[in-house]
Ligand code: DHE
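In our numbering, the protein residues as written are 7 to 543.
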């Protein structure tokens, strides 16, 4: 027994020596960087790399790039990868002009250093940033304009830290408001009155659409790095929670933050640090990916990327919080609802898998492979003439759209099975449709061939072949990214993403261009109020 204990301790000591020895070796090998260069490395890593590789560089959508692994590669090799990108999907930051040659050299050296661990971010720090610009009681009781709020669009102007609110009827930019840096998504409140935005810097803003011109009425920074936000939507026997709370999903620190839905005052922080669903290994950085508000109960459906868990967070009693933990798949990312709004469909992109959760039974419904790195955005749902209710995803890793059955009650034979596949103009990010449309639109934003990321492809629901019905070059500058329909489902809006950005508005029936809204800096995602509140896609 005693011998056993001695052996155990000897093994621990030997392990520790090996570990610290490796650390010392690593520190010795790391190329020299001045304090100023190291700080610049931290900033560039946060802006360009952390989203895919993780703050602690343990890997997710991109591979693990820890110091020990990077020290085994030459600086020349690392510079080449950072400058030119890889076939596996890493962007060529130098090639696209987003990093200078000098920065790629700096970053090659930076990743041969140990990943600096950013500080935690708690309630006290959050409260210091909290501002209620217009108190709820001082806000107008009814709209102070004649516009149709339901047909307004919120548009991200990514690199200038702004959001534009555009009138979907007149196509007029009503107002540009200050938001967090590189806002990732807009979500409309359940009541349609507010837009909530979340910046990559973790700042959230609440925009009141009743004001004469859309106005930020509250803001707070709740994370150092974030991507997702949603509101409480439940109104039933447990009470009326419409817009009572909002929830923010942080990348760093890895946590969920629940805030008051009317003032954004932070109420509760829930850490997501836990163990991977399959190997039960502790993960120090499980980042929060997509969040949606359940239609079946007082719950948010929260996808936790690195642990592969989906949490159903019940907001009906925050003092006695209940979380249902569903084992799903690792590296969960983006997702949305099927047409019945019972099934949450989300990509586990690095496992080439789509995961489906039944929010009524609160259980995993299915997992199946679709292609290389599925990326549905919020997805697309329609009625296929042969297969009935179907849903679809595009892919980050290949130019492919995959269509699968999504009606377990009506067509159990093909539910959560791939029924169709088609080509797109290249690896893409988003697809979109609308119940009143005959078409499905998709981008190829990540395509590397000359000009392919400037294309739009459209498939016909009634005649879905192996090739798109039509693909065309939509712009001679920037890249095409993301689509949104107007409320009636008659127009499709596409973003041209660059510093001289614009929105192209198409007639969905004829696929003809109606208008370009110019003068928008780096427009990316956009959300129509009605379609967002009602989860129409
Ligand atoms: Fe996104 C959705 C994370 C890169 C534009 N993006 C999401 C969601 C997550 C996410 C978790 C789901 C939020 C939800 O529904 O609650 N995105 C990430 C990343 O980690 C990644 C890969 C790298 C990063 O550092 O951010 C990344 N995303 C991008 C882009 O490069 C895009 C095109 C422009 C940008 O802002 O950086 C981009 N992501 C979007 C958009 C959505 C989105 C427009 C929402 C789509 C929708 O229709 O709702």
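A virtual CB, placed ideally from N, CA and C, is assigned to each residue, including glycine. These figures come from a predicted structure and were not determined experimentally.
Best match in the options for proximity to residue i [C-alpha to C-alpha]
i           : options               : result
residue 191 : 202, 184, 182 and 197 : 202
residue 133 : 387, 251 and 273      : 273
residue 146 : 215, 175, 205 and 87  : 215
residue 269 : 223, 445 and 452      : 223
residue 247 : 281, 300, 257 and 204 : 300
residue 355 : 395, 155 and 378      : 378
residue 74  : 82, 434 and 64        : 64
residue 79  : 517, 49 and 117       : 117
residue 45  : 516, 318, 138 and 124 : 124
residue 67  : 231, 381, 532 and 90  : 381
residue 317 : 325, 324, 333 and 302 : 333
residue 36  : 56, 77, 62 and 69     : 77
residue 517 : 543, 488 and 466      : 466
residue 488 : 188, 70 and 531       : 531
residue 189 : 199, 166 and 416      : 166
residue 1   : 120, 330 and 428      : The structure shown does not extend to residue 1, since the chain spans only 7 to 543, so no value can be given for it.
residue 444 : 475, 39, 421 and 103  : 475
residue 403 : 376, 424, 423 and 420 : 376
residue 407 : 416, 181, 414 and 397 : 397
residue 131 : 227, 363 and 55       : 227
Beta-carbon contacts of residue i that lie in its chain and below 6 Å, excluding the five residues immediately before and after
i           : result
residue 525 : none
residue 264 : 251, 253, 273 and 274
residue 439 : 386, 388 and 446
residue 277 : 261
residue 502 : 481, 484 and 508
residue 515 : none
residue 311 : 66, 293, 295, 337 and 338
residue 513 : 520
residue 164 : 188, 528 and 530
residue 414 : 421
Neighbour-count burial assignment, residue i, 16 or more Cβ in a 10 Å radius
i           : result
residue 168 : buried
residue 392 : exposed
residue 175 : exposed
residue 365 : buried
residue 220 : buried
residue 218 : exposed
residue 139 : exposed
residue 290 : exposed
residue 106 : exposed
residue 19  : Model confidence at residue 19 stands at a pLDDT of 41, short of 50, so the residue's coordinates are unreliable; what they give is reported in the following sentence. Answer is exposed; the Cβ neighbour count stays below 16.
residue 336 : buried
residue 435 : buried
residue 94  : exposed
residue 401 : buried
residue 193 : buried
residue 122 : exposed
residue 320 : buried
Cut-off 7 Å between Cβ atoms - residues of its own chain near residue i, not counting five sequence neighbours on either side
i           : result
residue 431 : 405, 450, 453, 458, 461, 463 and 477
residue 244 : 304 and 322
residue 286 : none
residue 331 : 315 and 317
residue 129 : 272 and 275
residue 240 : 247, 303 and 304
residue 96  : 68 and 87
Sequence-distant residues of its chain with Cβ nearer than 8 Å to residue i (five each side left out)
i           : result
residue 504 : 483, 484, 485 and 528
residue 27  : Bear in mind that the predicted position of residue 27 carries a pLDDT of just 48, short of 50, making it too unreliable to give a figure here.
residue 523 : 172, 177, 179, 508, 509 and 511
residue 234 : 190, 191, 204, 254, 255, 294, 295, 296 and 297
Whole-Å CB distance - residue i paired with residue j, under 8 Å assumed
i           : j           : result
residue 308 : residue 262 : 6 Å
residue 47  : residue 113 : 6 Å
residue 537 : residue 491 : 6 Å
residue 409 : residue 343 : That pair is no contact at about 16 Å.
residue 115 : residue 81  : 7 Å
residue 284 : residue 314 : 7 Å
residue 187 : residue 207 : 4 Å
residue 374 : residue 423 : 7 Å
residue 110 : residue 99  : 6 Å
residue 5   : residue 182 : Nothing in the structure corresponds to residue 5, since the chain is present only between 7 and 543.
- Message: I'd like the ranges of any beta strand (DSSP E) spanning at least 3 consecutive residues and lying wholly in the region 358–392.
- Response: 359–364, 369–375 and 380–390
- Query: At what residue ranges does the region 480–541 contain a whole run of the beta strand (DSSP E), taking only runs of 3 or more?
  - Reply: Listed in chain order, they are 485–491, 497–503, 507–513, 519–526 and 529–534.
- Query: Which runs of the beta strand (DSSP E) spanning at least 3 residues fall entirely within the region 309–361, listed in chain order?
  - Reply: The region 309–361 contains these whole beta strand (DSSP E) runs: 315–320, 328–333, 338–343 and 349–354.
- Sequence ranges, beta strand (DSSP E) only - wholly within the region 183–222, length at least 3: 191–194, 200–204 and 209–214
- Sequence ranges, alpha helix (DSSP H) only - wholly within the region 52–100, length at least 4: 56–59, 73–77 and 81–90
- Task: Any chance you could list the beta strand (DSSP E) runs of at least 3 consecutive residues sitting entirely within the region 227–260, in chain order?
- Result: Correct list: 231–237 and 251–258.
- Only counting runs of 3 or more residues, tell me where the beta strand (DSSP E) segments fall wholly within the region 132–178, in order along the chain. Taken in chain order, the whole beta strand (DSSP E) runs of length 3 or more contained in the region 132–178 are 158–163 and 168–173.
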